[in-house]
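Chemist: Sharing a structure with you now.
Protein chains: 2
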Amino acid sequence: MVVKEYVTYNEVHKLCQDAAPQILQDFQPQLMIAIGGGGYVPARILRSFLKTPGSPNIPMQGIGLSLYEQLPPTHNSASDTPGQIEEAGTKVTRTQWLDFTSLGEIENLVGKRILIVDEVDDTRTTLEYAVKELEKDVEAASQKLGYKGEETVFSIFVLHNKNKEKKGTLPAYMMNNNRYLAARTVEDVWICYPWEATDIDAHDAMAAKQAVQ
Amino acid sequence: MVVKEYVTYNEVHKLCQDAAPQILQDFQPQLMIAIGGGGYVPARILRSFLKTPGSPNIPMQGIGLSLYEQLPPTHNSASDTPGQIEEAGTKVTRTQWLDFTSLGEIENLVGKRILIVDEVDDTRTTLEYAVKELEKDVEAASQKLGYKGEETVFSIFVLHNKNKEKKGTLPAYMMNNNRYLAARTVEDVWICYPWEATDIDAHDAMAAKQAVQ
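Protein chains in written order, with UniProt numbering: chain A, 1 to 213; chain B, 1 to 213.
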């Protein structure tokens, strides 16, 4: 049986609000990258709480990443191995990348503190892809601009991290130096986010029922 | 006195849900463009309701547009005119544009039906900018690819349109052919969106109080 966890908009709002002080203190982001579609809502909310009086909003760009479930092999070939099946759900497709021409004063990623925002860390495949590709961009820009020794620091914020075996990995420095913040760590449940609800009142009722259990 | 209108997340959700059938029928979008930051939340919600069973999500990209209030002239110059003051708030800054390299099967905007999503149509300045710049992209791509006579159709969805004199204008075809949909038309009030609320429970209480008035 698949266990479902219902999350309301206001809970998402509060998860972002509660995380903001730690993000400001530990990550001090100069640029936010929202992984769309799921990261759009938490990123927009978080931006409100990361704004400090008298300063402009932290610049934000969206990227689009979709995780496509690769079909498992059809089992009609002698070459089929369990390893192939393990690869299911590991193909990431870019539907949008950063716009380096509109970064304004940020100019490029080199030497910057960059916060990546998504709604959920499930298999970690998407986050691994995002960090690896962003690191490639940093490397390319560093070479082009002749920068040396500039430390670019990525950090991650997700609403939920699922406590399960991950297919993707993140750089050790992120995990060891508190560059990864999940507002909640949950078991391997089906998280029902409000923006996917076809009946938001019923969704909220399920969330309320859950809360008193 | 500035009149404030409080909008809850669930109201935003329902505004998107209620608008979706008309958008699907009239606009039949092939690409969604979310104007960030404010358009991120409605765009993500709307995408859920625009998905038809058996079909993939409608592709979505974000753009970032900020409307900066230009300071009015300091009134210490003989050349000051009321006209300059009228120009306040009309400078749009791009913080992100489309990523044409990741459009996949869409390839480019030429001949496509494109839905632009934002939270509010206030002075219309941002929407005018978005449409004009997108039209330039279409023109450039058409010339480059040698396309002729392909009809590219933009449509707009906003949660709220403020009933006020607009500084920006949209192409006549959009307004005359139902290519513009505002879920609600409101007076020139201060709309308090939930993602800007520092106390979401108090925000919801204000919205509830409003509703019974």
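All C-beta atoms in this analysis are idealised placements derived from N, C-alpha and C, irrespective of residue type, glycine included.
Keep in mind that this is a model prediction, so the values were computed, not measured.
Which same chain residues end up closer than 6 Å to S142 (chain B) when comparing Cβ atoms and leaving out the 5 residues on each side of it in sequence?
Modeler: On the second sequence, residue 142 (chain B) is found 142 positions in, with the first residue counted as 1. Counting only Cβ-Cβ distances below 6 Å, and skipping sequence neighbours, we find V110.
Chemist: Do D118 (chain A) and G38 (chain A) have their beta-carbon atoms positioned less than 8 Å apart in this structure?
Modeler: As a position in the first sequence, residue 38 (chain A) is number 38, starting the count at 1. As a position in the first sequence, residue 118 (chain A) is number 118, starting the count at 1. In contact: G38 (chain A) and D118 (chain A) (Cβ atoms closer than 8 Å).
Chemist: Here's a check: name, in chain order, each residue in its chain whose Cβ is nearer than 6 Å to the Cβ of V153 (chain A), leaving out the five neighbours to either side.
Modeler: Counting from one through the first sequence, the residue named residue 153 (chain A) turns up at place 153. Cβ within range, chain order: R113.
Chemist: Spatial neighbours of Q22 (chain A) within its chain, please: CB distance less than 7 Å, with the 5 preceding and 5 following residues excluded, ordered by chain position.
Modeler: By one-based count along the first sequence, residue 22 (chain A) stands at place 22. So the qualifying residues of the chain are L181.
Chemist: Pick from B:W190, B:C16, B:S155, B:V186: whose alpha carbon is nearest that of I45 (chain B)?
Modeler: Numbered from 1 along the second sequence, position 45 holds the residue referred to as residue 45 (chain B). For the residues B:W190, B:C16, B:S155, B:V186, the minimum Cα distance to I45 (chain B) belongs to B:C16.
Chemist: Could you give the C-beta distance for E196 (chain A) and G168 (chain A), rounded to a whole number, given that I count them as a contact under 8 Å?
Modeler: Here residue 196 (chain A) corresponds to residue number 196 of the first sequence, with the count starting at 1. Here residue 168 (chain A) corresponds to residue number 168 of the first sequence, with the count starting at 1. No, E196 (chain A) and G168 (chain A) are not in contact; Cβ-Cβ is about 22 Å, not under 8 Å.
Chemist: Between F27 (chain B) and L115 (chain B), what straight-line distance do the alpha-carbon atoms span, to the nearest angstrom?
Modeler: Translated into the one-based positions of the second sequence, residue 27 (chain B) becomes position 27. Translated into the one-based positions of the second sequence, residue 115 (chain B) becomes position 115. If you take the alpha carbons of F27 (chain B) and L115 (chain B), they lie about 7 Å apart.
Chemist: Name the one or two DSSP bridge partners that S155 (chain A) has.
Modeler: For the purposes of this step, residue 155 (chain A) is identified with residue 155 of the first sequence, where counting begins at 1. According to DSSP, which records beta bridges pairwise, S155 (chain A) is partnered with A:L115.
Chemist: Less than 8 Å between CB atoms is the rule here; does S48 (chain A) satisfy it with respect to chain B?
Modeler: Within the first sequence, the letter at position 48 stands for residue 48 (chain A). Answer yes: the Cβ-Cβ gap between S48 (chain A) and chain B drops below 8 Å somewhere.
Chemist: Pick from B:Q61, B:E187, B:H203, B:V186: whose alpha carbon is nearest that of P194 (chain B)?
Modeler: The residue labelled residue 194 (chain B) in the question sits at position 194 within the second sequence. Taking only the C-alpha atoms, the option nearest P194 (chain B) is B:H203.
Chemist: Consult DSSP for G104 (chain B) and reduce its assignment to one of helix, strand or coil.
Modeler: As a position in the second sequence, residue 104 (chain B) is number 104, starting the count at 1. Helix at G104 (chain B).
Chemist: Using a Cβ-Cβ distance under 8 Å, would H13 (chain B) count as near chain A?
Modeler: Sequence index remark: in the second sequence, residue 13 (chain B) carries index 13 (1-based). Yes, contact with chain A.
Chemist: What residue from A:T52, A:D201, A:I58, A:K14 has the CA that sits closest to I200 (chain B)'s CA?
Modeler: Working through the second sequence from its first residue, we reach residue 200 (chain B) at position 200. For the residues A:T52, A:D201, A:I58, A:K14, the minimum Cα distance to I200 (chain B) belongs to A:K14.
Chemist: Quick one: measure Cβ to Cβ for G36 (chain B) and G54 (chain B), integer angstroms, because I've assumed they're closer than 8 Å.
Modeler: Against the second sequence, residue 36 (chain B) aligns to sequence position 36. Against the second sequence, residue 54 (chain B) aligns to sequence position 54. Not confirmed; about 30 Å, so no contact.
Chemist: Please state whether DSSP places Y193 (chain B) in a helix, a strand or coil.
Modeler: Position 193 of the second sequence, counted from the first residue, corresponds to residue 193 (chain B). If DSSP states are grouped into helix, strand and coil, Y193 (chain B) belongs with coil.
Chemist: Please report how far the alpha carbon of K162 (chain A) lies from the alpha carbon of E151 (chain A), in whole angstroms.
Modeler: For the purposes of this step, residue 162 (chain A) is identified with residue 162 of the first sequence, where counting begins at 1. For the purposes of this step, residue 151 (chain A) is identified with residue 151 of the first sequence, where counting begins at 1. Their Cα atoms are separated by approximately 30 Å.
Chemist: Who are A207 (chain B)'s beta bridge partners in DSSP?
Modeler: Stepping through the second sequence from its first residue, residue 207 (chain B) is reached at position 207. Answer is none; A207 (chain B) lacks a bridge partner.
Chemist: Straight-line CA distance for A140 (chain A) to G146 (chain A)?
Modeler: The residue labelled residue 140 (chain A) in the question sits at position 140 within the first sequence. The residue labelled residue 146 (chain A) in the question sits at position 146 within the first sequence. Using only the alpha carbons, I get a separation of about 10 Å.
Chemist: May I ask you to report which of helix, strand or coil DSSP gives E133 (chain A)?
Modeler: Within the first sequence, the letter at position 133 stands for residue 133 (chain A). Residue state, collapsed to three classes: helix.
Chemist: I'd like to know whether the C-beta atoms of Q210 (chain A) and Y6 (chain A) end up nearer to each other than 8 Å.
Modeler: Taking the first residue of the first sequence as position 1, residue 210 (chain A) is located at position 210. Taking the first residue of the first sequence as position 1, residue 6 (chain A) is located at position 6. Yes, these two residues count as a Cβ contact at 8 Å.
Chemist: Pick from B:G149, B:R94, B:L67: whose alpha carbon is nearest that of residue 249 (chain A)?
Modeler: No answer is possible for residue 249 (chain A): it lies beyond the span of chain A, which begins at 1 and ends at 213.
Chemist: Run through DSSP, which three-state label would residue 234 (chain B) get?
Modeler: No answer is possible for residue 234 (chain B): the residues shown for chain B start at 1 and end at 213.
Chemist: Can you give me the C-alpha to C-alpha distance between F157 (chain B) and R47 (chain B), rounded to a whole angstrom?
Modeler: Translated into positions along the second sequence, residue 157 (chain B) becomes position 157. Translated into positions along the second sequence, residue 47 (chain B) becomes position 47. Rounded to whole angstroms, F157 (chain B) to R47 (chain B) spans 12 Å at the Cα level.
Chemist: For S77 (chain A), count neighbouring Cβ atoms within 10 angstroms of its own Cβ and tell me buried if that reaches 16, exposed if not.
Modeler: Taking the first sequence and counting its residues from 1, the one referred to as residue 77 (chain A) is at position 77. Any reading at S77 (chain A) is ruled out, since the residue's pLDDT is 42, under 50, leaving its predicted position unreliable.
Chemist: Tell me the DSSP secondary structure of N176 (chain A) in three-state form.
Modeler: Position 176 of the first sequence, counted from the first residue, corresponds to residue 176 (chain A). DSSP places N176 (chain A) in helix when its eight states are reduced to three.
Chemist: In the DSSP assignment, find the unbroken beta strand (DSSP E) run with Y6 (chain B) in it and report its ends.
Modeler: Your numbering for residue 6 (chain B) matches position 6 in the second sequence. It spans 4-6 - the beta strand (DSSP E) in which Y6 (chain B) sits, taken as one unbroken run.
Chemist: Tell me, which residues are paired with G64 (chain B) by DSSP?
Modeler: Indexing the second sequence from 1 puts residue 64 (chain B) at position 64. G64 (chain B) is bridged to B:G36, B:Q96.
Chemist: So what does DSSP say about D80 (chain A), is it helix, strand or coil?
Modeler: In the first sequence, counting from the first residue as 1, residue 80 (chain A) sits at position 80. Interpretation of D80 (chain A) is limited by its pLDDT of 40, a score under 50 that renders its predicted location unreliable; the figure taken from the coordinates is listed afterwards. Here D80 (chain A) sits in coil by DSSP.
Chemist: G62 (chain A) and Q30 (chain A): beta carbons closer than 8 Å?
Modeler: Translated into the one-based positions of the first sequence, residue 62 (chain A) becomes position 62. Translated into the one-based positions of the first sequence, residue 30 (chain A) becomes position 30. No.
Chemist: Compute the Euclidean distance between the alpha carbons of L159 (chain B) and A34 (chain B), then round it to the nearest angstrom.
Modeler: As a working note, residue 159 (chain B) is residue 159 in the second sequence. As a working note, residue 34 (chain B) is residue 34 in the second sequence. C-alpha separation (whole angstroms): 12 Å.
Chemist: Out of B:M174, B:L103, B:G149, state which residue places its alpha-carbon closest to the alpha-carbon of K132 (chain B).
Modeler: Sequence index remark: in the second sequence, residue 132 (chain B) carries index 132 (1-based). With distances taken between Cα atoms, K132 (chain B) lies closest to B:M174.
Chemist: Cβ of S55 (chain B) less than 8 Å from any chain A Cβ?
Modeler: Taking the first residue of the second sequence as position 1, residue 55 (chain B) is located at position 55. Closer than 8 Å: no.
Chemist: Are the Cβ atoms of A172 (chain B) and T8 (chain B) separated by less than 8 Å?
Modeler: Walking along the second sequence from the start, residue 172 (chain B) turns up at place 172. Walking along the second sequence from the start, residue 8 (chain B) turns up at place 8. No. Outside cutoff.
Chemist: With distances taken from CA atoms, which of B:T126, B:R184, B:I106, B:R179 is nearest N57 (chain B)?
Modeler: To locate residue 57 (chain B), count along the second sequence from 1; it is residue 57. Ranking the options by Cα distance to N57 (chain B), first place goes to B:I106.
Chemist: Strictly under 8 Å for the Cβ-Cβ distance: is P29 (chain B) near chain A by that measure?
Modeler: By one-based count along the second sequence, residue 29 (chain B) stands at place 29. By this cut-off, P29 (chain B) is not an interface position.
Chemist: In angstroms with no decimal places, state the Cα-to-Cα distance between S66 (chain A) and M1 (chain B).
Modeler: On the first sequence, residue 66 (chain A) is found 66 positions in, with the first residue counted as 1. On the second sequence, residue 1 (chain B) is found 1 positions in, with the first residue counted as 1. So the alpha carbons of these two residues sit roughly 47 Å apart.
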